[in-house]
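Participant:
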Amino acid sequence: MRPAHIKEQRKKEVRRIWKERRKLWKEKCQLPLIKLEKPIRHGWYKEIVLTENLDRYKSKPEVEEIFEVLCTYYWGRTKEECQKHWNAQRSKSFIYKDVPTISKKQFNQLSSKAQRICTPFQYREEKRLRTRFYIRFPHSAYRIKFTRAYNTHRKMLDPDLESRLDVLDERLLSPGMYEANQALCGCNWHDDWQTPETKRSRIKTKNKLGRFKNTSAQDVIQRLEGLAAERSRSQNRIQI
């Protein structure tokens with residue numbers, strides 16, 4: 110019988126590793142939270158809150174129903190960052206004067222009475238018409254404010270899970286397995302934060318290392334020792 114191809118064996122092993130990783134990640138996500146003795150300050154929220162004036166209106170049940178499906182807050186490390194996220198969401202669907210909106214999917218979850226409070230509007234996104242809905246809340250029934258954010262719980266860590274995930278990641282980065290993983294995934298899963306700054310720094314590093322491509326290790330060590338000696342002499346001259 111003809112033996113299995115080594116590349117196919119590696120791909121099979123990669124699939125097995127990813128299957129085990131997904132299983133471990135599910136177990137990791139299901140770990141309980143531990144309440145902190147003292148909350149830790151952590152950024153700001155800009156949120157929509159209902160006021161006591163809502164009791165004056167007959168549409169109070171409908172407003173509360175809409176409020177359950179509405180995204181009521183955005184988080185940021187500072188007030189400026191929080192406001193930036195808020196403005197980005199507003200400009201994304203052309204919301205004016207901080208009027209809250211909901212999507213068509215959220216609109217379909219509402220009752221018929223709650224849907225009467227919503228007004229549809231259309232906007233273009235990637236050359237397609239999208240539909241969202243303005244919410245005609247009474248002006249005195251809600252307000253928008255900044256609120257301090259705190260961390261009150263922390264995630265429980267399982268050292269056995271973490272060590273096993275590290276072993277699997279190291280296995281995927283080993284010679285032969287890395288190429289098989291690239292062929293299956295089609296992307297560099299381990300380092301996918303390819304920002305322009307990291308690309309520029311990598312190019313600069315490669316260019317600098319290219320000078321030593323055809324030199325021996327002993328010559329590189331001698332050059333580094335010479336540079337260190339020159340720096341020490343220049344520092345002594347400055348002190349004198």
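For the sequence shown, the numbering used here begins at 110 and goes up steadily by one. All residues carry an ideal CB built from backbone N, CA and C; glycine is no exception. The structure displayed is predicted, hence computed values, not measured ones.
(1) I'd like the list of long-range same chain contacts for Leu-163, defined as Cβ closer than 7 Å, with 5 residues on each side in sequence excluded.
(2) Taking only the alpha-carbon atoms, compute the straight-line gap between Leu-219 and Lys-308 and give it to the nearest angstrom.
(3) For Tyr-287, name the three-state secondary structure that DSSP assigns.
(4) Helix, strand or coil: how does DSSP classify Arg-436 here?
(5) Under three-state DSSP, which class holds Val-163?
(6) Report, in whole angstroms, the separation of the C-beta atoms of Tyr-182 and Glu-156, which I expect to be a contact under 8 Å.
(7) May I ask you to verify whether the stretch 271-286 touches the stretch 126-134, counting CB pairs closer than 8 Å and requiring at least 3?
(8) By how many angstroms is the C-alpha of Asp-269 removed from the C-alpha of Gln-224?
(9) Keeping to the same chain, check which residues put their C-beta closer than 6 Å to that of Tyr-154; ignore five residues upstream and five downstream.
(10) Among His-114, Lys-188, Glu-122, which residue has its Cα nearest to the Cα of Leu-282?
(11) Quick one: residues in its chain with C-beta nearer than 8 Å to the C-beta of Met-265, no 5 flanking neighbours on either side, listed in chain order?
(12) Under the three-state reduction of DSSP, which class applies to Asn-323: helix, strand or coil?
(13) Please report the straight-line C-alpha distance between Pro-247 and Gln-231, rounded to a whole angstrom.
(14) In this structure, does DSSP put His-194 in helix, strand or coil?
(15) For Met-110, I'd like the list of residues in its chain whose CB is within less than 6 Å of its CB, leaving aside the five on either flank, ordered along the chain.
(16) Short of 7 Å in beta carbon distance, which residues of its chain neighbour His-373, apart from the five on each side in sequence? Order them along the chain.
(17) Whole angstroms are fine: how far does the CA of Arg-186 sit from the CA of Lys-193?
(18) Cα separation between Thr-228 and Lys-236?
(19) Assuming Leu-96 and His-262 make a contact with CB atoms under 8 Å, what is their CB distance in whole Å?
(20) In three-state terms, what does DSSP make of Ile-312?
(21) Rounding to the nearest angstrom, what Cα-Cα distance links Lys-213 and Phe-242 in this structure?
(22) Hey, how far is the Cα of Leu-293 from the Cα of Leu-336?
Facilitator: On the basis of the supplied data:
(1) Lys-169, Val-172, Ala-250
(2) 47 Å
(3) helix
(4) Outside the modelled stretch of the chain, which goes from 110 to 349, sits residue 436, for which no answer is possible.
(5) Reading off the sequence shown, one finds Leu at residue 163, where the question assumed Val. Here Leu-163 sits in helix by DSSP.
(6) 4 Å
(7) yes
(8) 50 Å
(9) Tyr-182, Trp-184, Thr-256, Ala-258
(10) Glu-122
(11) Leu-140, Pro-141, Leu-142, Ile-143
(12) coil
(13) 22 Å
(14) helix
(15) With a pLDDT of 49 at Met-110, under the threshold of 50, the modelled position of that residue is not reliable, and the figure given next carries that caveat. The answer is none, since no qualifying residue turns up.
(16) Lying before the first or after the last residue shown, residue 373 is absent from the chain, which here runs from 110 to 349.
(17) 11 Å
(18) 22 Å
(19) Since the displayed the chain opens at 110 and closes at 349, residue 96 lies outside it and no answer follows.
(20) helix
(21) 7 Å
(22) 46 Å
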